[in-house]
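Participant: First residue of the sequence shown: 35, per the working numbering; consecutive thereafter.
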Amino acid sequence: MWNLTIRSPLGEPLEYTLKPGKNTIGRRANNDIVIADPSASRLHAVLIYDENTEIVTIEDQDSTNGSFVNRDRLITPRTLGPNDSIRIGEHIMTLWNQKQIPGQTHATPDTLKITRDLVLESLDHHAVLLYEVASRLNTVLDLDTALNEVSKLVKIPMGADKCEVILAENFDHLADLGFATTIARQALNQRSAVIVQDVPSNPAMSKSASLLRIRSAMCVPVISGTEVLALIYVYKTRPQSRPFDQRDLQLAVAISHQAALTIQRMHLMNRVQREQLISQLLRRFLSPQEAEYLLKGYLETGQLPELTERTLTILVADIRDSSDAYAE
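Below is the structure:
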């Protein structure tokens, strides 16, 4: 039996089981799979499932904007296999067989080292969702709002129950924030994306994971160069929810790259604002040359000279007829 996992930037993932024969896809309400996407035609494509041969074929129905299989535009009917992806507008549909359910449980956490190749592969597989991510984050002007936006952009397409972007300064307070620390520490220590698909059956997980009723969890470090800026922590608690799979992990890695760029941009904006404030303050009390000298030191060290107290003696003298005496 074949199934589709349907994802979009605006809603939780949906599951659909193919029926024998034709399965229509499109914007029209009487389709078997309704795609509420402005890029979708009323009848966009058809999936044909032959239950005798277990073969699934897709045919585009002369749609206006086309159907794409594994990023290639569909020109003629094509036979599909496990993990093939279909894109219609902003909707991505992944085909899988119940004999090969995505996110099968493992005794130990799956880990993927965060490398340049992994980031590029993840960006390539989730280009449509990342377009929405980038368009939202580019308009945000403060860090807290940006982190909340990243959390929503991870949580909604994955159907997660909780997601948070935890900054590096809060790594020692993970438990206080409501997160089990076991896989978080593994992700940070190994600089790897970590996914645990069946938390209750994993003996390595901490008691806090059980208390929080976590069923499936994932942690992805947000890395810039050699520095870990933050951690994306996401988990599910609903017993019947689909465990996180490798595509979820790739999506989180791709979004972590965008999050790193956003955090860097926010830090740069904050630094520029602080420098402008320091410059204005110095110029109120010092000559332009002195202000420029102190500002240069501040930019190099991040600190202003310390204040010191000194006792001064001021002598004021009034010399009578000093001007006349000078003239003489």
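C-beta atoms are modelled at their ideal positions from N, C-alpha and C, and glycine is treated no differently. All values reported here derive from a predicted model rather than from experimental measurement.
#1: Note the first and the last residue of the continuous beta strand (DSSP E) segment covering T216.
#2: Pick helix, strand or coil for S169, following the three-state DSSP scheme.
#3: Keeping to the same chain, check which residues put their C-beta closer than 6 angstroms to that of D66; ignore five residues upstream and five downstream.
#4: Mark D282 as exposed unless 16 or more other C-beta atoms lie within 10 angstroms of its C-beta, in which case mark it buried.
#5: Please determine if the region 311–324 and the region 188–196 are in contact, where contact requires at least 3 C-beta pairs separated by less than 8 angstroms.
#6: If you reduce the DSSP assignment to three classes, tell me which class N57 lands in.
#7: Mapping DSSP to helix, strand and coil, what is F368?
#8: Let me know if G55 comes out buried or exposed under the rule of 16 or more other beta-carbons within 10 Å of its beta-carbon.
#9: DSSP state of I148, grouped into three classes?
#10: What did DSSP end up calling D232 once you bin it into helix, strand or coil?
#11: Using a Cβ-Cβ cut-off of 8 angstroms (strictly less than) and excluding sequence neighbours within five positions of Q292, which residues of its own chain qualify?
#12: Going by C-alpha to C-alpha distance, which of N236, A294, I289, R249 sits closest to A202?
#13: Quick check on G45: buried or exposed, where buried means 16 or more other Cβ atoms within 10 Å of its Cβ?
#14: Does DSSP classify I109 as helix, strand or coil?
#15: Locate the alpha helix (DSSP H) running through T98, then write down its first and last residues.
#16: In angstroms with no decimal places, state the Cα-to-Cα distance between E49 and L211.
#17: Are A264 and I217 close, meaning C-beta to C-beta below 8 angstroms?
#18: Tell me the residue span of the alpha helix (DSSP H) that contains S73.
#19: May I ask you to list the residues that DSSP assigns as paired with A264?
#20: Should F278 be labelled buried (16 or more other beta-carbon atoms within 10 Å of its own) or exposed?
#21: Are H160 and I122 touching if we call contact CB-CB under 8 angstroms?
#22: Taking 7 angstroms as the line, does the beta carbon of V103 fall inside it for any heavy atom of the ligand NAD?
#23: Just verifying my parser: in three-state terms, what is the DSSP assignment at I40?
#24: Tell me which residue opens and which closes the alpha helix (DSSP H) that M192 is part of.
Facilitator: So, from the listed chains and residues:
#1: Numbered from 1 along the sequence shown, position 182 holds the residue referred to as residue 216. No beta strand (DSSP E) contains T216, which is instead part of the alpha helix (DSSP H) from 216–224.
#2: Along the sequence shown, read from residue 1 onward, the residue named residue 169 stands at position 135. In the structure shown, S169 sits in a helix (DSSP, three-state: H, G or I).
#3: On the sequence shown, position 32 is the one that residue 66 refers to. Excluding positions up to five away in sequence, the list reads N57, T58.
#4: The sequence position of residue 282 within the sequence shown is 248, counting from 1. Buried: at least 16 other Cβ atoms inside 10 Å.
#5: no
#6: In the sequence shown, the residue the question calls residue 57 occupies position 23. Strand at N57.
#7: The chain is shown only over 35 to 362; residue 368 falls outside these bounds and no answer can be derived.
#8: As a working note, residue 55 is residue 21 in the sequence shown. Its Cβ having fewer than 16 others within 10 Å, G55 is exposed.
#9: Translated into positions along the sequence shown, residue 148 becomes position 114. Reduced to three states, the DSSP call for I148 is coil.
#10: Taking the sequence shown and counting its residues from 1, the one referred to as residue 232 is at position 198. The answer is coil: DSSP assigns D232 none of H, G, I, E or B.
#11: Within the sequence shown, residue 292 is the residue found at index 258, counting from 1. Excluding positions up to five away in sequence, the list reads L164, V167, A168, L171, V184.
#12: Translated into positions along the sequence shown, residue 202 becomes position 168. Measuring from the Cα of A202, the nearest candidate turns out to be A294.
#13: As a first step, residue 45 is located in the sequence shown; it is residue number 11 there, counting from the start. Exposed: under 16 other Cβ atoms inside 10 Å.
#14: Sequence index remark: in the sequence shown, residue 109 carries index 75 (1-based). Reduced to three states, the DSSP call for I109 is coil.
#15: Counted from its first residue, the sequence shown places residue 98 at position 64. First-last for T98: undefined, no H or E at that position.
#16: As a working mapping, residue 49 is identified with position 15 in the sequence shown. As a working mapping, residue 211 is identified with position 177 in the sequence shown. About 31 angstroms.
#17: Locating residue 264 in the sequence shown gives position 230, where the first residue counts as 1. Locating residue 217 in the sequence shown gives position 183, where the first residue counts as 1. Against a cut-off of 8 angstroms, the Cβ pair of I217 and A264 comes out as no contact.
#18: On the sequence shown, residue 73 is found 39 positions in, with the first residue counted as 1. Segment: none, S73 is in no alpha helix (DSSP H) and carries neither H nor E.
#19: If you number the sequence shown from 1, residue 264 lands on position 230. Answer is L201, V256.
#20: By one-based count along the sequence shown, residue 278 stands at place 244. By the 10 Å Cβ count, F278 comes out buried.
#21: By 1-based counting over the sequence shown, the position of residue 160 is 126. By 1-based counting over the sequence shown, the position of residue 122 is 88. No, Cβ-Cβ distance for H160 and I122 is not below 8 angstroms.
#22: This structure lacks the ligand NAD, and indeed carries no ligand of any kind.
#23: If you number the sequence shown from 1, residue 40 lands on position 6. Three-state result, I40: strand.
#24: As a working note, residue 192 is residue 158 in the sequence shown. M192 -> alpha helix (DSSP H) spans 177–192.
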